[in-house]
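Asker: Handing you a structure now.
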Amino acid sequence: MSGEKLGWKDLEIGAVVTEPGSASAYKTGDWRSERPVRENEKCIKCGICYIYCPEACIHEDEEGYFESDLYYCKGCGICAHECPRDVIKMVEEVEE
Amino acid sequence: MTKGKIVGLEGSFAVAEAVRMVNADVISAYPITPQTHIVERLAEMVADGELDAEFICVESEHSAMSACVGASAAGARVFTCSAGQGLELMHEVLYIPSSMRLPVVAVVANRALSAPLSVWCDHSDAMAIRDIGWIQMFAENNQQAFDLTVCAYRVAEDKEVLFPAMVHLDGFYLSHVIEDMVMPDDKEVTGFIPEYEHPFVLDPERPVSMGCYGPPFIYSETKKAQEVAFENTKSKIQETWKEFGDVFGRHYSPVEKYRMEDARIALLTMGSSGETAMLAVEELREEGKDAGLISLRLWRPFPFKEFRDAVKDVELLVVLDRAISSGMGGPVCSEVKSALYDKRKKPNIVGFIGGLGGRDIPVKGFKYMVNRALEKVKAIERGEEIETEMIGIRE
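Written out as structure tokens, the structure reads:
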């Protein structure tokens, strides 16, 4: 059950959460004001962005390129800052 | 009907006996005057095998309470104690067991707060932690310190309660004073405390997350749930005291009354000064003043109904605060005024601050307060504003 729908009487004692790993449902992508956009033709597949991502939301695809899971990416920009080939640009999120 | 044998014991040792008899599993505390004897005695009991508990030595009160939170979350019956600056260092963590609904039991040997450095008694430390969400009781003598500690476990661990509970006893006045008291048999006390079972404990077979992040969409709901549950603890506290009285012959109420049947003037105290105030009431009665005494036994949750009932026929309520809410007067006086604000018929309330940092308030101090309050009432009737007075101060 989504936490947004819970009333105060629905909570377990002490607001204990009984579903293991349920924090993964929390969409930290909502915090983002800028999103990472990649130019993969410049990418050397070094994986530095993957290593540095504090949210651990960067995954390697079948071809060995890396992509950010925007459900979790908070837009911190560390990947763009650390990329040695300037592959990643942080682009402002705009309402569509 | 009181069961047990009469012994002479200082308040600290009485508390340690209570903790031993309820078979605490985990004790974590950092020694600080005037609480030291409690934790030293317990350490001795564990070392000597009198109490089968884990004694976790820590480097601070912050860690002591943190260890208690963890142990309680694992399902242990826990105990800690502190005083003054130590309680303040513990402050941040005090909110955790109440919001996580962990029945930690703590005893505080009340002490003034620095500066200047004072190890002596007042209620500044207790008043600084009014809003932590713990059940809080005040003991008037060593017997009560023992009895209330035993009751604190039964209340806190009750499935319908599951809140931490704190017993306040005045530092030195009780913690270091040997009084005679009735010490019940171990078996009687052990039998009074049921097996403790929390519905959620840290268990790999049944994983739960405790103390989770609460974003704006859920934080208010958690506080509503906590507050409703906390207010509901009062009936369970009263029920436990009733059951304690049935077994041990000593009866406790959220608001204790002394000679209040026909009283029009009431003194209000908390802690050990109540016994001195009783003597003052006797002398005032001999002088023809219809005085009585109210002692707040239960401080949190505040016993609104019982307090309002206790003062319903009182014309003058004289409140002693052993702490200052700087810029506001006495904290207890502010609270009792607020508790009566909605009542059409209410007494004049005159507050005094005294007994700070170990300053004694003798019988004549309480008589002074009553006589001075009668003068202040005349000033109120003349339309003058009155201020909280600090008593016993040299000019």
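Quick note, the sequences are listed as chains F and Y, same order.
In this text, residue positions in the first sequence follow numbering that gives the first Met the number 0: the first is 0, and each later residue adds one.
In this text, residue positions in the second sequence follow numbering that gives the first Met the number 0: the first is 0, and each later residue adds one.
Glycine residues also receive a C-beta, built at the ideal position from the N, C-alpha and C atoms.
Only a predicted model underlies this, so the values are computations on that prediction, with no experimental measurement involved.
Let me know if HIS80/F comes out buried or exposed under the rule of 16 or more other beta-carbons within 10 Å of its beta-carbon.
Answerer: The residue you call residue 80/F lines up with position 81 of the first sequence. It counts as exposed.
Asker: Leaving out the 5 sequence neighbours to the left and right, which residues in its chain are closer than 8 Å to ILE385/Y when beta-carbon positions are compared?
Answerer: Taking the second sequence and counting its residues from 1, the one referred to as residue 385/Y is at position 386. Taken in chain order, the residues that qualify are VAL349, LYS375, ALA378 and ILE379.
Asker: Would you tell me roughly how many angstroms separate the C-alpha atoms of ASP179/Y and MET277/Y, rounded to the nearest one?
Answerer: Reading the second sequence from its first residue, position 180 is the one you call residue 179/Y. Reading the second sequence from its first residue, position 278 is the one you call residue 277/Y. Near 19 Å, if we compare the C-alpha coordinates of MET277/Y and ASP179/Y.
Asker: Going by C-alpha distance, which of VAL103/Y, GLY190/Y, SER325/Y and LYS363/Y is nearest ALA127/Y?
Answerer: As a position in the second sequence, residue 127/Y is number 128, starting the count at 1. Nearest option by C-alpha distance: SER325/Y.
Asker: Which runs of the beta strand (DSSP E) fall wholly inside the region 62 to 139 of chain Y and span at least 3 residues, in chain order?
Answerer: You should have 77 to 81, 104 to 109 and 134 to 137.
Asker: Does DSSP put GLU18/F in a helix, in a strand, or in coil?
Answerer: As a working mapping, residue 18/F is identified with position 19 in the first sequence. Residue state, collapsed to three classes: coil.
Asker: Do you know offhand how far VAL188/Y's Cα is from GLU9/Y's?
Answerer: Taking the first residue of the second sequence as 1, we reach residue 188/Y at position 189. Taking the first residue of the second sequence as 1, we reach residue 9/Y at position 10. One C-alpha to the other measures close to 19 Å.
Asker: Are the region 23 to 31 of chain F and the region 40 to 50 of chain F touching, with three or more C-beta to C-beta distances below 8 Å?
Answerer: Not touching, per the Cβ criterion.
Asker: Distance check for GLY291/Y and ASP184/Y, CA to CA, integer angstroms please.
Answerer: As a working note, residue 184/Y is residue 185 in the second sequence. As a working note, residue 291/Y is residue 292 in the second sequence. Each residue's alpha carbon lies about 35 Å from the other.
Asker: Could you tell me which uninterrupted alpha helix (DSSP H) segments, each at least 4 residues in length, are contained entirely in the region 241 to 294 of chain Y, listed from first to last along the chain?
Answerer: List check, alpha helix (DSSP H) in window: 272 to 285.
Asker: Do the CB positions of TRP133/Y and ARG371/Y come within less than 9 Å of each other?
Answerer: As a position in the second sequence, residue 133/Y is number 134, starting the count at 1. As a position in the second sequence, residue 371/Y is number 372, starting the count at 1. No, they are not a contact pair.
Asker: Which stretch, first to last residue, makes up the alpha helix (DSSP H) that contains VAL45/Y?
Answerer: Counting from 1 along the second sequence, the entry for residue 45/Y is found at position 46. Looking at the DSSP string, the run of the alpha helix (DSSP H) that includes VAL45/Y is 35 to 46.
Asker: With a CB to CB cut of under 7 Å and the five nearest residues on each side skipped, what residues in its chain are close to TYR49/F?
Answerer: Residue 49/F sits at position 50 when you count from the first residue of the first sequence. Same-chain partners within the cutoff: ILE57, GLU59 and PHE65.
Asker: Span of the beta strand (DSSP E) holding SER27/Y?
Answerer: Position 28 of the second sequence holds residue 27/Y. Segment 25 to 27, the beta strand (DSSP E) holding SER27/Y.
Asker: When the Cα of PHE351/Y is compared with those of TYR172/Y, GLY213/Y, ALA322/Y and VAL106/Y, which residue comes out closest?
Answerer: Numbered from 1 along the second sequence, position 352 holds the residue referred to as residue 351/Y. The candidate whose alpha carbon is nearest that of PHE351/Y is ALA322/Y.
Asker: According to the neighbour-count rule (16 or more other Cβ atoms, all chains shown, within 10 Å of its Cβ), is VAL16/F buried or exposed?
Answerer: The sequence position of residue 16/F within the first sequence is 17, counting from 1. It is buried - the Cβ of VAL16/F has at least 16 other Cβ atoms within 10 Å.
Asker: Tell me the residue span of the beta strand (DSSP E) that contains ILE390/Y.
Answerer: Stepping through the second sequence from its first residue, residue 390/Y is reached at position 391. Taken as a continuous stretch (DSSP letters only), ILE390/Y belongs to no beta strand (DSSP E), as it is neither H nor E.
Asker: Out of SER65/Y, THR79/Y and GLY85/Y, state which residue places its alpha-carbon closest to the alpha-carbon of ILE95/Y.
Answerer: Taking the second sequence and counting its residues from 1, one reaches residue 95/Y at position 96. The candidate whose alpha carbon is nearest that of ILE95/Y is SER65/Y.
Asker: Quick check on ASP169/Y: does DSSP put it in helix, strand or coil?
Answerer: Counting from 1 along the second sequence, the entry for residue 169/Y is found at position 170. Looking at ASP169/Y - three-state DSSP - the assignment turns out to be strand.
Asker: Look at the alpha carbon of LYS233/Y and the alpha carbon of PHE243/Y, and state the distance between them as a whole number of angstroms.
Answerer: If you number the second sequence from 1, residue 233/Y lands on position 234. If you number the second sequence from 1, residue 243/Y lands on position 244. C-alpha separation (whole angstroms): 15 Å.
Asker: Flag this pair as touching only if the region 220 to 239 of chain Y and the region 278 to 285 of chain Y have three or more C-beta atom pairs under 8 Å; answer yes or no.
Answerer: No: the two stretches stay apart, fewer than three of their Cβ pairs being nearer than 8 Å.
Asker: Look up PHE145/Y in the DSSP assignment and say whether it is helix, strand or coil.
Answerer: Within the second sequence, the letter at position 146 stands for residue 145/Y. The answer is helix: DSSP assigns PHE145/Y an H, G or I state.
Asker: Considering only DSSP beta bridges, list what GLU178/Y is partnered with.
Answerer: Residue 178/Y sits at position 179 when you count from the first residue of the second sequence. Note: GLU178/Y sits in a beta bridge opposite LEU8/Y.
Asker: Going by the CB atoms, is the gap between VAL104/Y and PHE137/Y shorter than 9 Å?
Answerer: Numbered from its first residue, the second sequence carries residue 137/Y at position 138. Numbered from its first residue, the second sequence carries residue 104/Y at position 105. Their beta carbons are not under 9 Å apart, which means PHE137/Y does not touch VAL104/Y by this criterion.
Asker: Excluding sequence positions up to five away, which residues of its chain have a Cβ less than 6 Å from the Cβ of HIS250/Y?
Answerer: For the purposes of this step, residue 250/Y is taken as the residue at position 251 of the second sequence. For HIS250/Y, where only same-chain residues beyond five positions count, the Cβ hits under 6 Å are GLY244.
Asker: GLY213/Y touches chain F at which residues, Cβ-Cβ below 8 Å?
Answerer: Taking the second sequence and counting its residues from 1, the one referred to as residue 213/Y is at position 214. Within chain F, the residues near GLY213/Y are ALA14.
Asker: For the region 354 to 373 of chain Y against the region 330 to 340 of chain Y, are there 3 or more C-beta pairs whose distance is under 8 Å?
Answerer: No, because fewer than three Cβ pairs between the region 354 to 373 of chain Y and the region 330 to 340 of chain Y fall closer than 8 Å, the two stretches do not touch.
Asker: Figure out for me which residue from LEU355/Y, VAL310/Y and ARG343/Y has the closest Cα to the Cα of GLY329/Y.
Answerer: Residue mapping note: residue 329/Y aligns to position 330 of the second sequence, counting from 1. For the residues LEU355/Y, VAL310/Y and ARG343/Y, the minimum Cα distance to GLY329/Y belongs to LEU355/Y.
Asker: Identify the continuous alpha helix (DSSP H) that holds ASP320/Y and give its terminal residues.
Answerer: On the second sequence, position 321 is the one that residue 320/Y refers to. Premise fails: ASP320/Y lies in the beta strand (DSSP E), 315 to 320, not in any alpha helix (DSSP H).
Asker: Report the rounded CA-to-CA distance for GLU394/Y versus VAL18/Y, giving the unit in angstroms.
Answerer: On the second sequence, position 395 is the one that residue 394/Y refers to. On the second sequence, position 19 is the one that residue 18/Y refers to. GLU394/Y and VAL18/Y: Cα-Cα distance of roughly 45 Å.
Asker: Quick check on ASN231/Y: buried or exposed, where buried means 16 or more other Cβ atoms within 10 Å of its Cβ?
Answerer: Along the second sequence, read from residue 1 onward, the residue named residue 231/Y stands at position 232. Classification of ASN231/Y: exposed, given that the 10 Å Cβ count is below 16.
Asker: Please report whether the beta-carbon of ILE217/Y lies at a distance below 9 Å from any beta-carbon of chain F.
Answerer: The residue labelled residue 217/Y in the question sits at position 218 within the second sequence. Closer than 9 Å to some Cβ of chain F, the Cβ of ILE217/Y qualifies, so yes.
Asker: Using 9 Å as the threshold, is the C-beta distance between LEU316/Y and ASN347/Y below it?
Answerer: For the purposes of this step, residue 316/Y is identified with residue 317 of the second sequence, where counting begins at 1. For the purposes of this step, residue 347/Y is identified with residue 348 of the second sequence, where counting begins at 1. Yes, they are a contact pair.
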